[in-house]
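Heads up: the sequence shown at position 197 corresponds to 181 in my numbering, and the numbers run straight through without jumps.
Where is the CB? At the ideal position from N, CA and C, for every residue including glycine.
A quick note: this is a predicted structure, and the numbers were derived from the prediction, not measured.
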Amino acid sequence: MLFLEAAPADLRVPVVDLEGHRLTPCSPAKALQNLVDGLADLDEAGVLHLRYRPLAHRKVLRQVRRRDGWTCAWCHGPGSTVDHVIPLCWGGRTRLDNCVVACRACNHSRNNALPSEFIARTGFRPTHPVILRVLAREQALLREAERSLRKRPLSSCTSKEEAQVWLLAHQAPEAGLKPPPPGPVVTKWKPSRHPFPELYLP
Ligand SMILES: [Zn+2]
């Protein structure tokens, strides 16, 4: 860890995921932040080992995109992002049964709101089976998601956001899951250039 603090900013630290897949190398500062956050380990050779599986995340994004095309599941306009129907901060998973394609406006304006709250606010009438399924059992699914989050290991997480939610839930289990207050959403993804981020990196 010490050598990372003293490393030149342009050094690239090799990164592998839990399954040993090599990801794009990152800066010393990013590597250090992951170590401090408890999301990675550094081996003697200076390779950063993530404790989660970002490649699995990317695979699901591709599958959702293939299933839903380019139509927003909320407003039925053109959609280019992937939205977690039960948000990650509530324990929602990056899985086909919890993700839909959404336009940026819907994805960003919904932020961490639950589907029922978003529909009440917007008057949208979604017909996507994934959203209808969640709406039908929203409270039960929320309880299930939280229970599962507390039981499953960090290695089940497929993105940094999910891993951060996992850490919070395990560091302060008595607090209960509480979404962060809505804030500006930053998207690194430029749909005109790449259909999906090349890699979800720390
Ligand atoms: Zn939309």
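(request) Using the Cα positions of C83 and C90, report the straight-line distance between them to the nearest angstrom. (result) When rounded, the distance between both Cα atoms is 14 Å.
(message) Contact criterion: CB-CB distance below 9 Å. Does L39 meet it with respect to chain B?
(response) As a matter of chain content, chain B is missing from the structure shown, which is built from one protein chain.
(request) With distances taken Cα to Cα, identify the nearest neighbour of L205 among A57, S139, R134, S143. (result) The structure shown does not extend to residue 205, since the chain is modelled only from -15 through 186, so no value can be given for it.
(message) Considering only the alpha carbon of each residue, which of H154, R37, E145, G76 lies closest to E128?
(response) Nearest to E128 by alpha-carbon distance, out of H154, R37, E145, G76, is G76.
(request) Would you list, in sequence order, the uninterrupted alpha helix (DSSP H) runs of no fewer than 4 residues that lie entirely inside the segment 73 to 117? (result) Segments of the alpha helix (DSSP H) lying fully in the segment 73 to 117: 88 to 94, 99 to 106.
(request) Report buried or exposed for S100, applying the criterion of at least 16 other Cβ atoms within 10 angstroms of its Cβ. (result) Under the 10 Å beta carbon count, S100 is surrounded by fewer than 16 other beta carbons and is classified as exposed.
(request) Please report how far the alpha carbon of G30 lies from the alpha carbon of V(-3), in whole angstroms. (result) Approximately 7 Å between the Cα atoms of the pair.
(request) Mark T65 as exposed unless 16 or more other C-beta atoms lie within 10 angstroms of its C-beta, in which case mark it buried. (result) Label assigned to T65: buried.
(message) Just checking A89 against ligand 1 - is the residue's beta carbon closer than 8 Å to any of the ligand's heavy atoms?
(response) Yes; taking the cut-off as 8 Å, the Cβ of A89 has a heavy atom of ligand 1 nearer than that.
(request) Could you check the C-alpha separation between L2 and A13 for me, to the nearest Å? (result) Straight-line measurement puts the Cα of A13 at about 21 Å from the Cα of L2.
(request) Run the CB neighbour count on S143, radius 10 Å, all protein chains shown included, and call it buried at 16 or more, exposed below. (result) Classification for S143: buried.
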